[in-house]
Amino acid sequence: MSTAGQVIKCKAAVAWEPGKPLTIEDVEVAPPKAREVRIKVVATGVCRTDWEHLYEREKGMRFRPFPLVLGHEAAGVVESIGPGVTAFSPGDQVIPLFLPQCQECDRCQSLKTNHCRKNWANTQAGVMADGTSRISCQDQQVFQFLGVSSFSQYTVVPDSSLTKIRSDAPLDKVCLLGCGVSTGYGAALKTGKVEKDSTCAVFGLGAVGLAAVMGCKAAGARRIIGIDINPAKFEKAVTLGATDCVNPTDHKKPIQEVVLEMTQGGVDFALECHGSPSVMTAALESTADAWGLCVIAGWNETETMSVKVEKILMGRTLKGTYFGGWKSVQDVPNLVDEYMANKLQLDEFITHKLPLNQINKAFDLLSSGNSIRTVISLW
Ligand SMILES: NC(=O)c1ccc[n+]([C@@H]2O[C@H](COP(=O)([O-])OP(=O)(O)OC[C@H]3O[C@@H](n4cnc5c(N)ncnc54)[C@H](O)[C@@H]3O)[C@@H](O)[C@H]2O)c1
Ligand SMILES: [Zn+2]
Ligand SMILES: [Zn+2]
């Protein structure tokens, strides 16, 4: 029986307040309105950004309203479409996107950026274009995270925040292309434009950093130095292409000095994939002074990074990346194709699989450094 046009009752992990574990609730998901699509979420990764928003708000995350349904790294199937939607049909396999691509705004028209701002203020505030969320629980509006909310069996997204992917792609793998792997891979390939035979350093070897390592390797980098305070991450980093691994806590000197020595003057490309200002400064200072490029992928919305003028005066460049620089709607299906053609790895990133009712365990595994990605099965 079709559910189109009806409110759907389903399970979701609700964050009622910051700092408290998620609880599994019966929620109601309203039908999609104009230019919106309701999707059945099949699988979702658990990204550090979800965890940070719940547990580290005082450390670099801006206020977003609660209660909310987190989750933004997912894959699913279109259940129904709202008025005016032309690019999707029920049954399509899709990946929801926390970064839209409306194809119409000046940013979408520009090749210089992927920062489409369609519905931006609203999705950042946890609501859809009309100022309300489609998810409710116990007669209360539940806000949506980054316009997605994939820790719910069903969710509604704007049609510019969704991309259609091939029908044979395994959703429990390609969900990782909704955030972490695309971000790190693109940080190296698209934003950093890492060059063949170059020397690279990747700071932080979680999913984003490991994907950056994979991107550096795909670009043909000669040397890829993986840096993490958790040596348990090194084995996977080597599998994905790291040629050296360094633990900053093994050294008395600051890590940037260690990297400068290892490379006789600094790396060509440094990629920060942790999100802390001090690591960002170290990454910048570990690049070669004349041409080094530092790409910041780690997320931080409120803190300040310190840059000594001298460190950029001679020619270093500092850049940020959002979603790896990919034009989301257009590029994610191509990344799915790369995975299907064995050019891009995803299976290596999945260390755990859990059902929705164990989602707090996924957060524990991530924050304790014992997982790379846990994929949550919603059904
Ligand atoms: N720019 C974007 O669009 C975007 C997208 C997704 C995620 N992110 C951000 O990327 C960052 C990484 O996400 P993740 O899911 O890979 O997180 P993660 O927690 O899995 O990985 C972070 C890694 O950094 C390591 N680390 C901690 N302190 C360190 C230090 N001093 N030096 C070096 N390494 C250190 C940790 O041990 C861990 O392995 C987060 O800040 C996340 O919010 C940004
Ligand atoms: Zn993410
Ligand atoms: Zn746009």
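Position 27, counted from 1, in the sequence shown is what the working numbering calls 29; the numbers after and before it change by one each time, with no gaps. We put the CB at the ideal spot given by N, CA and C, even for glycine.
Residue range of the alpha helix (DSSP H) that includes residue i
i       : result
Cys-218 : 209-220
Lys-313 : 311-315
Arg-383 : It is not possible to answer for residue 383, since the shown part of the chain is limited to 3 through 381.
Val-144 : Not the alpha helix (DSSP H): Val-144 falls in the beta strand (DSSP E), residues 142-146.
Asp-174 : 173-176
Whole-angstrom distance between residue j and residue i, CA atom to CA atom
i       : j       : result
Ala-190 : Val-9   : 42 Å
Val-331 : Val-215 : 24 Å
Leu-320 : Ser-308 : 12 Å
Asn-116 : Trp-18  : 32 Å
Tyr-187 : Pro-34  : 32 Å
Ser-373 : Gly-182 : 13 Å
Lys-22  : His-74  : 19 Å
Phe-100 : Ser-163 : 7 Å
Val-16  : Met-130 : 18 Å
Cys-107 : Asn-121 : 11 Å
Simplified DSSP state of residue i, which is helix, strand or coil
i       : result
Val-260 : helix
Glu-181 : With the sequence shown as reference, residue 181 is identified as Cys, and Glu is not the correct amino acid for it. If DSSP states are grouped into helix, strand and coil, Cys-181 belongs with coil.
Asp-94  : coil
Thr-165 : strand
Val-159 : strand
Ala-77  : strand
Thr-88  : coil
Arg-40  : strand
His-253 : coil
Glu-303 : coil
Leu-24  : coil
Lys-11  : strand
Arg-59  : coil
Leu-72  : coil
Arg-64  : coil
Val-196 : coil
Ala-343 : coil
Thr-245 : coil
Lys-114 : coil
Lys-321 : strand
Gly-327 : helix
Ser-280 : helix
Ser-369 : helix
Gly-186 : helix
Thr-46  : strand
Glu-237 : helix
Ala-17  : strand
Close-in-space but distant-in-sequence residues of the same chain around residue i (CB under 6 Å, 5 per side omitted)
i       : result
Arg-59  : Pro-20
Ala-285 : Phe-205, Ala-272, Glu-274, Cys-296
Gln-105 : none
Glu-42  : First, the amino acid is wrong: residue 42 is Lys here, not Glu. So the list reads Gly-78, Val-79, Glu-81, Tyr-156, once near-sequence residues are dropped.
Asp-174 : Ala-45, Val-377
Where the beta strand (DSSP E) through residue i begins and ends
i       : result
Leu-356 : 352-357
Ile-137 : 137-139
Thr-376 : 375-379
Thr-134 : Where Thr-134 is concerned, there is no enclosing beta strand (DSSP E), given that its DSSP letter is neither H nor E.
Leu-273 : 271-274
Val-297 : 295-298
Ala-203 : 201-205
Arg-225 : 225-229
Proximity test, residue i beta-carbon vs ligand 4 heavy atom, cut-off 7 Å
i       : result
Lys-313 : Ligands present in the displayed structure are limited to ligand 1, ligand 2 and ligand 3, and ligand 4 is not among them.
Cutoff 7 Å; reference residue i; Cβ partners in own chain excluding five residues on either side
i       : result
Ala-221 : Ala-190, Leu-191, Val-196, Glu-197, Lys-198
Ala-171 : Gln-95, Val-338, Met-342
Ser-4   : none
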